[in-house]
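This report concerns only the one structure given below.
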Amino acid sequence: MKMFTKLALVSSIAISANAMAMQSMDDAALSSTTGQDGLNIGIGISKVTIDQLAIHDNDGYSDTTKGGTSTGGAIVIKANGDGTGGTITHGIEITPNTASLLTSHNLADLVIDTDGGGANGAFLNIAAQVSGLNIKIGEIGIAKSKTYTAGSVARGVETTGYNKILNGLTLKTGKMDANIQLGTAPQGAMINLKTTMVGGLELANLSIHDGSAGAGGDIVLDSIKVASTGSTTGDLNVDASVKVLTTGLQITSNDAAGNDIYIKGIHLGSSSVGSIGDVEISGVKTFYGAAGTTAGSQITISGH
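Under mature numbering (1 follows the signal peptide of the UniProt record, and there is no 0), residues -21 to -1, 1 to 283 are what the sequence shown spells out, in order.
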């Protein structure tokens, strides 16, 4: 679980790093850059590629009864083809979803203000609008980590013993908003997402590989579409918050309406094998808390 936690966190950091490539600030005058009127930033990026991403678990898995050797390993995301037939020549490729762009056609627009604050003091407020994205992920596998050299920015993984676990997938999102507060958070959390993802959330070409002895087959799902229950436009309502506790990350979803999920084209063995059909799931709801009556879910993420 720690490995997938790291994957989620590193993905967030990778997106944030690209905010360094910015378009000109569009406040009315240069004085706006001082913070007098706040600050508007348009992030104009048309494509992001990552050749390879390796997320290292430095101490490995220690349970010898289940095959553990306490040897450092890594989740590796790399290219899964030559760019034809739905494959990509990078580990990760991010492009705008042209069907769900911001009016500015930027990847993201940020409105930044500082406030003197109330009872808990001053804070920085970042209101973010993000265009819909097409996120293509190449092959995902597991490999032995190479030894890290102090001061180096390259570590790498061993090719011997590499095992594939996922052939690839595509994630399509709609445009959405988020509000971030730093310093203190009068909104109740560092990040609040209370928005509508236009067009919903879609995963396509998800292919899970079975590398166990005598197997070698794949479970292939043509697409998975998620939308809010009752939405006539296929949109997904998002109501969530993110807090950084002293013990780790806490993600809370306050979704009470539920979601509808449609899984299209389930192939067992390979993508060329006939589909066993589609699966339709309506009105999925979750609850959390000791009494099980609070609508939504709460996820905590920490290292071990």
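Here a beta-carbon is modelled for each residue, glycine too, at the ideal position from N, C-alpha and C.
How would you label residue i, buried or exposed, when you count the other beta carbons within 10 angstroms and need 16 or more for buried?
i, result
"residue 124", "buried"
"residue 110", "buried"
"residue 184", "buried"
"residue 152", "buried"
"residue 133", "exposed"
"residue 113", "buried"
"residue 264", "exposed"
"residue 154", "buried"
"residue 142", "exposed"
"residue 55", "buried"
"residue 260", "exposed"
"residue 122", "buried"
"residue 270", "exposed"
"residue 26", "exposed"
"residue 191", "exposed"
"residue 69", "buried"
"residue 32", "buried"
"residue 84", "exposed"
"residue 130", "exposed"
"residue -1", "Low local confidence applies: a pLDDT of 43 at residue -1 is under 50, so the model's placement there is unreliable, and no value is given."
At which residues does the beta strand (DSSP E) containing residue i begin and terminate?
i, result
"residue 215", "215 to 224"
"residue 279", "276 to 280"
"residue 75", "71 to 75"
"residue 108", "100 to 109"
"residue 205", "197 to 207"
"residue 169", "Careful: residue 169 lies outside any beta strand (DSSP E) and carries neither H nor E."
"residue 137", "Careful: residue 137 lies outside any beta strand (DSSP E) and carries neither H nor E."
"residue 87", "87 to 97"
"residue 246", "238 to 248"
"residue 184", "180 to 188"
"residue 35", "32 to 36"
Looking at residue j and residue i, is the spacing between their C-beta atoms short of 8 Å?
i, j, result
"residue 42", "residue 53", "no"
"residue 214", "residue 232", "no"
"residue 57", "residue 118", "yes"
"residue 285", "residue 86", "What is shown of the chain runs -21 to 283, which leaves residue 285 out entirely."
"residue 60", "residue 49", "no"
"residue 72", "residue 115", "yes"
"residue 107", "residue 156", "yes"
"residue 182", "residue 149", "yes"
"residue 187", "residue 247", "no"
Can you give the beta carbon distance from residue i to residue j, rounded, assuming they're within the 8 Å contact cut?
i, j, result
"residue 234", "residue 262", "In fact, because the Cβ distance is near 12 Å, the residues do not count as touching under 8 Å."
"residue 244", "residue 202", "7 Å"
"residue 291", "residue 170", "Summary: the structure shown does not reach residue 291, with the chain confined to residues -21 through 283, and so no result is reported for it."
"residue 168", "residue 222", "5 Å"
"residue 97", "residue 165", "7 Å"
"residue 276", "residue 267", "5 Å"
"residue 178", "residue 205", "Rounded, the Cβ-Cβ distance is 11 Å, inconsistent with contact."
If you measure from the beta carbon of residue i to each beta carbon in chain C, is any gap under 8 Å?
i, result
"residue 178", "Considering every chain present, this structure includes no chain C. It has just one protein chain."
| Counting pairs of Cβ atoms below 8 Å between the stretch 174 to 193 and the stretch 220 to 234, do you hit three or more? | no
| message | Closer than 8 Å is the cut-off here; do at least three beta carbon pairs connect the stretch 246 to 262 with the stretch 187 to 207? | response | yes
| query | With contact counted as at least three CB pairs below 8 Å, one residue from each stretch, are the stretch 93 to 108 and the stretch 154 to 167 in contact? | reply | yes
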